[in-house]
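In mature numbering (1 follows the signal peptide of the UniProt record, and there is no 0), the protein residues as written are -17 to -1, 1 to 463.
Just so you know, even glycine gets a beta-carbon here, dropped at the ideal spot from N, CA and C.
Note that the structure is predicted; figures quoted are calculated from it, not measured.
A short write-up of the structure that comes next.
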């Protein structure tokens, strides 16, 4: 059995002293490394360029094909970039798949958006990388008709957005979304335009003519642009300063509009995919770092004061995601203030975060994917009750096996809105129905009803579920 782990990027490098193997692709030869993992041969191909470096006049442009090369030598210890943060070797040898990670443009280089510069360059990079894989993966023994894209956190929101872009039809067949979906305020930027304008002004690019403005930004030193971004970014834990935007080409409309319109090309494409959506039970621990901004003297072991929920968390959620509705803010405070015990109140506040940021987007995405006709993919829901610092790449638990419905495991049922099946991946695996059912109903049924009742209007387009971005990579897996 031959197992591969590939890493492709926008930039290039390097050399190595490991045993080598050569693969001939359409574009030229690629020299890889061979090493042993768990008694199996693992072949690594790193730093393969899928696009020309986005510098000079290619800054703020869609990625351009790299072209061909004669011999490409990738490296090990000199590798850099987000795609190299995780070692895919363990998953490759235990999952019998080809693992591929990518780098793409980030922050002000990947998501700046102004007139004449529509943005979403990071997403276009991802699409070109997937296209490169589809075109070349047969040379590595992969099946170009069985491609799964997977991402965690920011990668999850990226996968979600790519999965509602009809132009990607046929590019991949499955999607794994971990701790992030398209239904989040982080998925689509609310302040991207204003932050981009401020950044451009900071580096003295202020011309009203789109072409002149774009050319100015292409000529500014990259270090100056990044410094501008660092100085003016204005995100909160509910939104990110620079993120993908509705551009009318890649992202045709707000994700919620696209996904709730079952006749739209976006919804039909999403529902045609097999999807696996999940969260981690310890997600709310990230809120601890955020609470300090509300009360610097906070000591978590003493509990979280209810006033932080009432005066800070609930109003901020309402302001950013529900048009500053006082009724929504009050409802959140009431729903998550049902105990007078200080420590139980602390858990309630932590649940606000994990529910709203992670679990609700996962559940609603699954509900919108659930079949309403014949042409649909399958969908499954999972919860990890243990979190690894390197998702999917660390030491795998003893129950990890390709057969998820093995004889010693509980049945993993396909998700549907009526039964809400999910599986809890812990030391002892268990299955369940309707994850946090009452709390999910509060966000998905009670809040929309409250808004309709108070305003006599349907829930507006700004109703989106946020997610905290902690990592900026996308993991792609391929079954051979």
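**Report entry** In chain order, each beta strand (DSSP E) run of at least 3 residues that lies wholly inside the stretch 70 to 150
**Finding:** 80 to 85, 130 to 135
Query - Per-residue DSSP class, three states only, for residue 227 - result: coil
Requested in this report: Look at the Cβ atom of residue 477, then the Cβ atom of residue 238, and state whether they are nearer than 7 angstroms.
Outcome: There is no way to answer for residue 477, as the model of the chain reaches only from -17 to 463.
Query raised in the report: For residue 179, which option in 163, 156, 141, 223 has the closest C-alpha, if you only look at C-alpha atoms?
Result: 223
Query - Close Cβ partners of residue 93 (< 6 angstroms) along its chain, the five nearest in sequence each way excluded - result: 104, 105
Report task. Would you check if the distance between the CB atom of residue 111 and the CB atom of residue 46 is smaller than 7 angstroms? Result -> yes
Query raised in the report: Since residue 28 and residue 11 are thought to touch, with beta carbons under 8 angstroms apart, how far apart are those beta carbons, to the nearest angstrom?
Result: Wrong, their Cβ atoms sit about 13 angstroms apart, outside the cutoff.
Query raised in the report: How about residue 149 and residue 249: do their beta carbons lie closer than 7 angstroms?
Result: yes
Report task. Would you mind reading off the limits of the beta strand (DSSP E) that contains residue 161? Result -> 157 to 161
Query raised in the report: On the premise that residue 226 lies in contact with residue 474, defined as a C-beta separation below 8 angstroms, what is that separation, rounded to the nearest angstrom?
Result: As displayed, the chain neither begins before -17 nor continues past 463, which places residue 474 out of reach and without an answer.
Query raised in the report: Under 7 angstroms between the Cβ atoms of residue 140 and residue 157?
Result: no
Report task. Could you say which of 99, 138, 228, 133 lies nearest to residue 199 if we only look at CA atoms? Result -> 99
**Report entry** Neighbourhood of residue 262 by C-beta distance below 7 angstroms, restricted to the same chain and skipping five residues each side
**Finding:** 162, 341, 342, 345, 366
Requested in this report: State the DSSP-derived secondary structure class of residue 349, mapped to helix, strand or coil.
Outcome: helix
Query raised in the report: Exposed or buried, residue 331, counting other C-beta atoms within 10 Å across all chains shown (16 or more means buried)?
Result: buried
Query raised in the report: Just checking my contact of residue 160 with residue 260 at CB under 8 angstroms: how many whole Å lie between their CB atoms?
Result: 5 angstroms
Query raised in the report: Given that a residue counts as buried once 16 or more other Cβ atoms are within 10 Å of its Cβ, and exposed if not, what is residue 48?
Result: exposed
Query raised in the report: Looking at C-alpha atoms only, which residue of 395, 325, 95 is the closest neighbour of residue 286?
Result: 325
Query raised in the report: Thinking C-alpha only, which one of 289, 398, 302 is nearest residue 318?
Result: 289
Query raised in the report: Is it right to say residue 30 is buried, meaning 16 or more other beta carbons lie within 10 angstroms of its own, or is it exposed?
Result: buried
Query raised in the report: Between residue 194 and the rest of its own chain, which residues show a CB-CB distance below 8 angstroms, the 5 nearest in sequence each way excluded?
Result: 99
Query raised in the report: Considering only residues of the same chain and omitting the five flanking positions on each side of residue 242, which have a CB-CB separation below 8 angstroms?
Result: 147, 165, 166, 249, 250, 253, 348, 351
Query raised in the report: For the putative contact between residue 430 and residue 314, defined by C-beta atoms under 8 angstroms, what is the C-beta separation to the nearest angstrom?
Result: 7 angstroms
Query raised in the report: Does the Cβ of residue 428 have 16 or more other Cβ atoms within 10 Å, making it buried, or fewer, making it exposed?
Result: exposed
Requested in this report: Give the range of the beta strand (DSSP E) segment to which residue 17 is assigned.
Outcome: 11 to 20
Query raised in the report: My guess is that residue 8 and residue 119 are in contact by the Cβ rule of under 8 angstroms, so how many angstroms apart are they, rounded?
Result: 5 angstroms
**Report entry** alpha helix (DSSP H) segment containing residue 195, residue limits
**Finding:** 193 to 202
Query raised in the report: Count the other CB atoms within 10 Å of the CB of residue 151; is the residue buried (16 or more) or exposed (fewer)?
Result: buried
Requested in this report: To the nearest angstrom, report how far apart residue 395 and residue 416 are at their CA atoms.
Outcome: 11 angstroms
**Report entry** Sequence-distant residues of the same chain with beta carbon closer than 7 angstroms to residue 399, five excluded per side
**Finding:** 353
Query raised in the report: For residue 25, which of helix, strand or coil comes out of DSSP?
Result: strand
Query raised in the report: Exposed or buried, which one is residue 405 when buried takes at least 16 other CB atoms within 10 Å?
Result: buried
Query raised in the report: So, using beta-carbon positions, are residue 311 and residue 96 closer together than 7 angstroms?
Result: no
Query raised in the report: Name the DSSP bridge partner or partners of residue 213?
Result: Answer is none; residue 213 lacks a bridge partner.
Requested in this report: Assign residue 174 to one of three DSSP states: helix, strand, or coil.
Outcome: coil
Query raised in the report: Quick one, which of 257, 5, 397 has its alpha-carbon nearest residue 124's?
Result: 5
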